[in-house]
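*Asks:* There's a structure below that I have some questions on.
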């Protein structure tokens, strides 16, 4: 017996709605950090198109800003730090981490001629950090200051919040004594000879995961095929960065509009040298490991201890590795 007119009409509505969702570009945000280069590489090298994926890529200055865009449902997915994912999850935005982007990136720098030579020397000093409550802020206050230096932020040291782009000038002008920042800002300061690296966070937490690829529940539910395509394009981009470093460094330097640098001795460094320097602190990979999960749990404990989050979700509530399996990766 044939379908009723109503049944045909309803099925047609759902079919058209699904088609409409698939035809819309997948809106992907990314935090403007060199570690998130796979998002740009996937676009520049055509990996999204190879997967048959139509994307709309948009950059954001930091985790809190991109989280607001996700909360407003202006994005479907994002290259973002793990910390804002679980912090916002605890507030009701049920985003899921579906892949890793990188490990490493952060460092504590001081002026080249500074007498600060150990973390203990930071006591009573002023440190430039990013927005309070952000992932980098949790990393600074929890892992770096409390666990590694034995110092309490805002008691033993003064943390001044400012955009990462303002930190080099603040350091040079003596507004702050140290800066906790990421790439490419660290490499720019080191190659210019303006600063020295007091701590690479990899020394404290070897191979710690930082940026992740996450998606909102609506994208996971309504566009599962596109989510799988996104992960596959992401994997291709990570492979390209790791397997073709010289070519990738040129593309990244151009995409981030990095400038050649000359140090005080007159030695010049081309833009791609900044990316080569940054590779000392950044590694790119896609799979999520048990070690990654353990670090996310540590960040959740620190977020709670700092008063940035009331109740921590369970790890398996916001990390879903089955998407990597669907994409044939893990």
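Residue numbers (mature numbering (1 follows the signal peptide of the UniProt record, and there is no 0)): -20 to -1, 1 to 310. Don't be surprised by glycine CBs; every beta carbon is placed ideally from N, CA and C.
Go ahead and label residue 168 buried or exposed: buried means 16 or more other beta carbons lie within 10 angstroms of its beta carbon, across all protein chains shown.
*Replies:* Under this definition residue 168 is a buried residue.
*Asks:* Considering only the beta carbon of each residue, do residue 193 and residue 158 sit closer than 8 Å?
*Replies:* Result no, Cβ atoms of residue 193 and residue 158 do not sit closer than 8 Å.
*Asks:* Once you ignore the five residues that flank residue 28 on each side, which residues in its own chain have a CB closer than 7 Å to its CB?
*Replies:* Answer for residue 28: 22, 35 and 213, listed in chain order.
*Asks:* Look at residue 258 and residue 160 and say whether their C-beta atoms are less than 8 Å apart.
*Replies:* Cβ atoms of residue 258 and residue 160: not closer than 8 Å.
*Asks:* Does the segment 74 to 88 come into contact with the segment 170 to 184, if we say contact requires no fewer than three beta-carbon pairs (one atom in each stretch) closer than 8 Å?
*Replies:* Touching, yes, given that three or more Cβ pairs across the two stretches are closer than 8 Å.
*Asks:* Would you mind listing the beta strand (DSSP E) stretches within the segment 158 to 214 that are 3+ residues and don't spill past its ends, in chain order?
*Replies:* Complete beta strand (DSSP E) runs here, min 3: 158 to 161, 175 to 180 and 191 to 195.
*Asks:* Would you kindly report the start and end of the unbroken beta strand (DSSP E) that includes residue 59?
*Replies:* 57 to 61 is the extent of the beta strand (DSSP E) around residue 59.
*Asks:* Output the distance between the C-alpha atoms of residue 51 and residue 73, rounded to the nearest integer angstrom.
*Replies:* In a straight line, the C-alpha of residue 51 is about 7 Å away from that of residue 73.
*Asks:* How far does the beta strand (DSSP E) with residue 138 in it reach, from first residue to last?
*Replies:* Unbroken beta strand (DSSP E) run through residue 138: 138 to 141.
*Asks:* Does the Cβ-Cβ distance between residue 279 and residue 80 come in under 8 Å?
*Replies:* No. Outside cutoff.
*Asks:* My output table needs one value for residue 26: the three-state DSSP class, helix, strand or coil.
*Replies:* It is coil, neither helix nor strand.
*Asks:* Around the C-beta of residue 215, are 16 or more other C-beta atoms found within 10 angstroms, so that it is buried, or is it exposed?
*Replies:* When all chains shown are included, residue 215 counts as buried.
*Asks:* Looking at the structure shown, is residue 5 part of a helix, part of a strand, or coil, going by DSSP?
*Replies:* Of the three classes helix, strand and coil, the one that applies to residue 5 here is coil, per DSSP.
*Asks:* Would you call residue 189 buried or exposed, if buried means 16 or more other Cβ atoms sit within 10 Å of its Cβ?
*Replies:* Counting Cβ neighbours within 10 Å, residue 189 comes out buried, since at least 16 surround it.
*Asks:* Tell me the rounded alpha-carbon separation between residue 139 and residue 17.
*Replies:* If I take the Cα positions, the gap works out to 28 Å.
*Asks:* Please state whether the Cβ-Cβ distance between residue 62 and residue 77 is less than 8 Å.
*Replies:* Yes, the pair counts as a contact, with Cβ atoms nearer than the cut-off.
*Asks:* Would you give the residue range spanned by the beta strand (DSSP E) that residue 76 belongs to?
*Replies:* 76 to 80 is the extent of the beta strand (DSSP E) around residue 76.
*Asks:* Do residue 314 and residue 177 have their C-beta atoms within less than 8 Å of each other?
*Replies:* For the chain, the structure presents residues -20 to 310; residue 314 sits outside this window and is missing.
*Asks:* Mind the definition here: the segment 243 to 255 touches the segment 220 to 234 only if three or more C-beta pairs lie below 8 Å; say whether that holds.
*Replies:* Yes, the segment 243 to 255 touches the segment 220 to 234.
*Asks:* Can you tell me which residues form a DSSP beta bridge with residue 88?
*Replies:* Residue 88 is bridged to 160 and 179.
*Asks:* In the structure shown, what three-state DSSP assignment does residue 236 receive?
*Replies:* Correct three-state label for residue 236: coil.
*Asks:* Closest to residue 303 by C-alpha separation, out of 263, 203, 283 and 174, would be which residue?
*Replies:* Per the Cα distances, 203.
*Asks:* What is the rounded straight-line gap between the Cα of residue 60 and the Cα of residue 296?
*Replies:* Taking the straight line from one Cα to the other gives about 18 Å.
*Asks:* By the 10 Å Cβ neighbour count, where 16 or more other Cβ atoms means buried, how is residue 292 classified, buried or exposed?
*Replies:* Classification for residue 292: buried.
*Asks:* Going along the chain, which residues of its own chain have a beta-carbon closer than 7 Å to the beta-carbon of residue 49, five neighbours each way excluded?
*Replies:* Within the same chain, residue 49 has close Cβ partners 9, 40 and 55.
*Asks:* When burial is assigned at 16 or more other CB atoms within 10 Å of the CB, is residue 132 buried or exposed?
*Replies:* Classification of residue 132: exposed, given that the 10 Å Cβ count is below 16.
*Asks:* According to DSSP, is residue 109 part of a helix, a strand, or is it coil?
*Replies:* Residue 109: strand per DSSP, three-state reduction.
*Asks:* Taking all protein chains shown into account, decide if residue 282 is buried (16 or more other Cβ within 10 angstroms of its Cβ) or exposed.
*Replies:* Answer is buried; the Cβ neighbour count reaches 16.
*Asks:* Does residue 35 come out as helix, strand or coil in the three-state DSSP assignment?
*Replies:* The answer is strand: DSSP assigns residue 35 an E or B state.
*Asks:* Let me know the secondary structure DSSP gives residue 135 once reduced to three states.
*Replies:* In this structure, residue 135 counts as coil in the three-state DSSP scheme.
*Asks:* Select from 199, 246, 175 and 262 the residue whose C-alpha is nearest the C-alpha of residue 218.
*Replies:* Answer by Cα proximity: 262.
*Asks:* Can you name the residues that DSSP bridges to residue 299?
*Replies:* Its beta-bridge partners are 77.
*Asks:* Run through DSSP, which three-state label would residue -16 get?
*Replies:* In this prediction, residue -16 scores a pLDDT of 45, lower than 50, which makes its location untrustworthy; no coordinate-derived value is stated.
*Asks:* Measure the CB-CB distance between residue 33 and residue 209 and report whether it falls below 8 Å.
*Replies:* Going by C-beta atoms, residue 33 is nearer than 8 Å to residue 209.
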